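The next block holds one structure in the form of C-alpha cells; read it before the comments.
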Amino acid sequence: TESQRNEGEVLTMYEQWLVENGKNYNGLGEKERRFKIFKDNLKRIEEHNSDPNRSYERGLNKFSDLTADEFQASYLGGKMEKKSLSDVAERYQYKEGDV
Amino acid sequence: LPDEVDWRERGAVVPRVKRQGECGSCWAFAATGAVEGINQITTGELVSLSEQELIDCDRGNDNFGCAGGGAVWAFEFIKENGGIVSDEVYGYTGEDTAACKAIEMKTTRVVTINGHEVVPVNDEMSLKKAVAYQPISVMISAANMSDYKSGVYKGACSNLWGDHNVLIVGYGTSSDEGDYWLIRNSWGPEWGEGGYLRLQRNFHEPTGKCAVAVAPVYPIKSNSSSHLLSPSVFKLVVLFVFQLISLALL
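Listed below in C-alpha cells is the structure:
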C-alpha cells in the first residue's frame, strides 16, 4: 500500500504514470505540486480498495493527478433545470404487472 | 420486464466509447448516444453522430458548448434543426469556438428525431421500463467517480442533483453486488469498465443512487418520419426504381 511505500517508490510510480498518460509538466514547481496530488489520490484509492466489504474498486487513471475541483471544472458539464423536465410522458410509466 | 438489458448486444450502441476531453460536453455525448440508439432501433442502422455539431451549433437554448449543457435541449435542437450529421463528416475536436460548420457539410445524411419526452421522474421502475425500450439520457452526481475502476458503484454522491450527463444502456443484477444500471460514459475506454459504469439500482431513495432517476429523458422517433437517407436505404430505393423502370420498358 501507499503507506508502506517510500517516497522514492511512489515517485517512480508517478514517473511511469506520466509516461503512460502522455503528461509532461514544465512549469516551475508544477510537477512537484502534481506529485503531491497524485500521492493523495493514490492514498484514497488504496484506503478504499483495502476495505473487504467494498462493492467497487478505485484505480489510477488519467485523472489521478487532478484535484477534485480541477476534475469537476474540466470533465463535468451537465446542467439540470426543473423547467426542462416538464414534458413527462406516460409512455414508460411503470404499472404493476407490466411485461 | 426483462431481468437484464444490454443495448450493446443489440447493436444500438456505437462500440467505440467516446472521449469528451477537457471539455464540459458530456451533454452532447449523452444526446448523440440516445439518438444513435433510437435511430438504430427504428431504422436498423447504427450511425455515430456528431457531438461537435451540437457544441458548435446548439448555442441558442441552454447549451453552452464546453461550458456545459443538457441532452434535453440538444434533442430540441436536433428536432428544430432537421437532424444531426454523422461524426464522420463533422468530427469531434473538443474545441469551443462556437463556429457552426454544419451548413458547410454537403451531406443529405442526417438522422432526425420527432422530439423528446421525460420518463416519470424519481421512479426507478419507470426508468427500468424505459431502458427496456431504448437507451436513456440521465444526469448523475459524478464528482466522486473520477477513479472508479470496476464493480457496482455505491460510493458517496448527491442523491438529489446530478452534475454529469450520461447514457443508460442497460441494467442487470450482479450475484455479488446486487442490482445495477449499465451506464455509458464519455471519458474514454480506459476509465471504469471499458468506459462504462455500473451504478447501484433499486436505491432506497426515489431519486435513485446519485440522482439517476431525477432527470431521465429520451428522444422519440417514429418509423414513418425517418428522414434518414442512409446508403443502404438509398440503394434499396434506387434498385426498386430501376426494377420498376425495367418492368415498364418490357
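Taken in sequence, the protein lines are chains A and B.
What the first sequence shows, in this note's numbering, is residues 1 to 99, in sequence order.
What the second sequence shows, in this note's numbering, is residues 1001 to 1250, in sequence order.
The beta carbon of each residue, even a glycine, is placed where N, CA and C say it ideally should be.
Source: prediction; values computed, not measured.
Discussion item. DSSP three-state label for arginine 1019 of chain B, please.
Written reply: In the structure shown, arginine 1019 of chain B sits in a strand (DSSP, three-state: E or B).
Discussion item. I want to verify the contact list: residues of chain B whose CB lies under 8 Å from the CB of glutamate 81 of chain A, in sequence order.
Written reply: Neighbours of glutamate 81 of chain A in chain B, taken as residues at a C-beta separation under 8 Å, are given in chain order as Asp1062, Gly1070.
Worksheet item: Just checking my contact of alanine 1102 of chain B with cysteine 1066 of chain B at CB under 8 Å: how many whole Å lie between their CB atoms?
Response: Not quite, the Cβ-Cβ distance comes to about 18 Å (not below 8 Å), so this is no contact.
Practice prompt. Take the Cβ of alanine 1215 of chain B as the centre, count every other Cβ of all protein chains shown within 10 Å, and call the residue buried at 16 or more, exposed below.
Written response: Counting the other Cβ atoms within 10 Å of the Cβ of alanine 1215 of chain B gives 16 or more, which makes it buried.
Discussion item. With a threshold of 6 Å on Cβ separation, who are the neighbours of threonine 1032 of chain B within its own chain once the five nearest residues in sequence on each side are excluded?
Written reply: Residues Leu1049, Glu1051 of the same chain have their beta carbon placed closer than 6 Å to that of threonine 1032 of chain B, with the five preceding and five following residues left out of the count.
Worksheet item: If you measure beta-carbon to beta-carbon, which residues of the stretch 55-66 of chain A are closer than 8 Å to chain B?
Response: Within the stretch 55-66 of chain A, the qualifying residues are Ser55, Tyr56, Glu57, Arg58, Gly59, Leu60, Asn61, Lys62, Phe63, Ser64, Leu66.
Worksheet item: Would DSSP call arginine 44 of chain A helix, strand or coil?
Response: Annotated three-state conformation of arginine 44 of chain A is helix, per DSSP.
Practice prompt. Taking C-beta pairs closer than 9 Å, name the residues in chain A that proline 1120 of chain B reaches, listed in chain order.
Written response: Chain-ordered, the chain A residues with CB closer than 9 Å to the CB of proline 1120 of chain B read Val88, Ala89, Glu90, Tyr92, Gln93, Tyr94.
Item to complete: Determine the closest residue to aspartate 1179 of chain B out of B:Leu1199, B:Gly1192, B:Ile1055, with distance taken between C-alpha atoms.
Response: Residue nearest to aspartate 1179 of chain B within the set B:Leu1199, B:Gly1192, B:Ile1055 is B:Leu1199 (criterion: CA-CA distance).
Worksheet item: Within the 8 Å Cβ cut-off, does phenylalanine 35 of chain A reach chain B?
Response: No, because no Cβ of chain B sits closer than 8 Å to the Cβ of phenylalanine 35 of chain A.
Worksheet item: Which two residues bound the contiguous beta strand (DSSP E) that contains threonine 1173 of chain B?
Response: Residues 1164-1174.
Discussion item. Taking the alpha-carbon of asparagine 1165 of chain B as reference, which of B:Gly1082, B:Gly1070, B:Thr1112 has the nearest alpha-carbon?
Written reply: Of B:Gly1082, B:Gly1070, B:Thr1112, the residue nearest in Cα terms is B:Gly1070.
Item to complete: Can you grab the Cα-Cα spacing for the pair glycine 1021 of chain B / glycine 1094 of chain B, in whole Å?
Response: Going by the C-alpha atoms only, they are around 6 Å apart.
Discussion item. Assuming valine 1138 of chain B is part of the beta strand (DSSP E), what are its boundary residues?
Written reply: In the DSSP assignment, valine 1138 of chain B falls within the unbroken beta strand (DSSP E) covering 1136-1140.
Discussion item. Would aspartate 1147 of chain B and glycine 27 of chain A qualify as a contact pair, given that the criterion is a beta-carbon distance under 8 Å?
Written reply: With contacts defined by Cβ atoms closer than 8 Å, aspartate 1147 of chain B and glycine 27 of chain A do not form a contacting pair.
Worksheet item: Just reading off the alpha helix (DSSP H) that leucine 1037 of chain B is part of, what are its end residues?
Response: In the sequence as displayed, the identity of residue 1037 of chain B is glycine instead of leucine. That run of the alpha helix (DSSP H) goes 1026-1043.
Item to complete: Assign arginine 1201 of chain B to one of three DSSP states: helix, strand, or coil.
Response: Three-state DSSP puts arginine 1201 of chain B in coil, outside helix and strand.
Worksheet item: Using a Cβ-Cβ cut-off of 6 Å (strictly less than) and excluding sequence neighbours within five positions of isoleucine 1078 of chain B, which residues of its own chain qualify?
Response: The residues Ile1084, Ile1113, in chain order, have a CB closer than 6 Å to that of isoleucine 1078 of chain B in the same chain once the five nearest residues on each side in sequence are set aside.
Worksheet item: Is valine 1013 of chain B near valine 1169 of chain B, with beta carbons less than 8 Å apart?
Response: Yes, the pair counts as a contact, with Cβ atoms nearer than the cut-off.
Discussion item. If you reduce the DSSP assignment to three classes, tell me which class serine 74 of chain A lands in.
Written reply: The answer is helix: DSSP assigns serine 74 of chain A an H, G or I state.
Worksheet item: Just how far apart, CA to CA, sit asparagine 979 of chain B and valine 19 of chain A?
Response: The shown model of chain B, from 1001 to 1250, leaves out residue 979 of chain B, and the question about it has no answer.
Practice prompt. Starting from the beta carbon of tryptophan 1161 of chain B, find every residue of chain D whose beta carbon is closer than 7 Å, and list them in chain order.
Written response: In the structure shown, chain D cannot be found, because the protein chains are A and B.
Discussion item. Within 10 Å of its beta-carbon, does glycine 1162 of chain B have 16 or more other beta-carbons around it, so buried, or fewer, so exposed?
Written reply: The residue is buried, with at least 16 neighbouring Cβ atoms inside 10 Å.
Item to complete: Would you give the residue range spanned by the alpha helix (DSSP H) that tyrosine 1133 of chain B belongs to?
Response: Counted as a single uninterrupted DSSP element, the alpha helix (DSSP H) harbouring tyrosine 1133 of chain B occupies residues 1124-1133.
Discussion item. Would you say phenylalanine 71 of chain A lies against chain B (beta-carbon separation less than 8 Å)?
Written reply: The beta carbon of phenylalanine 71 of chain A sits closer than 8 Å to some beta carbon of chain B.
Fill in: Other residues of its chain near glycine 1155 of chain B: CB distance less than 7 Å, five sequence neighbours each side excluded
Asn1144, listed in sequence order.
Worksheet entry | C-alpha distance - glutamate 15 of chain A paired with serine 1222 of chain B, whole-angstrom precision | Taking the CA atoms as reference points, glutamate 15 of chain A sits about 53 Å from serine 1222 of chain B.
Worksheet item: DSSP state of aspartate 1179 of chain B, grouped into three classes?
Response: In this structure, DSSP gives aspartate 1179 of chain B an extended state, which the three-state scheme calls strand.
Item to complete: If I'm right that alanine 1211 of chain B touches serine 1158 of chain B with Cβ under 8 Å, what's the distance once you round it to whole angstroms?
Response: Taking a contact as a CB-CB distance under 8 Å, the pair alanine 1211 of chain B and serine 1158 of chain B counts as one, their CB atoms being some 6 Å apart.
Discussion item. Within 8 Å, do at least three Cβ pairs link the stretch 68-87 of chain A to the stretch 49-59 of chain A?
Written reply: Touching, no, given that fewer than three Cβ pairs across the two stretches are closer than 8 Å.
Worksheet item: Is aspartate 65 of chain A helix, strand or coil when you go by DSSP?
Response: Residue state, collapsed to three classes: coil.
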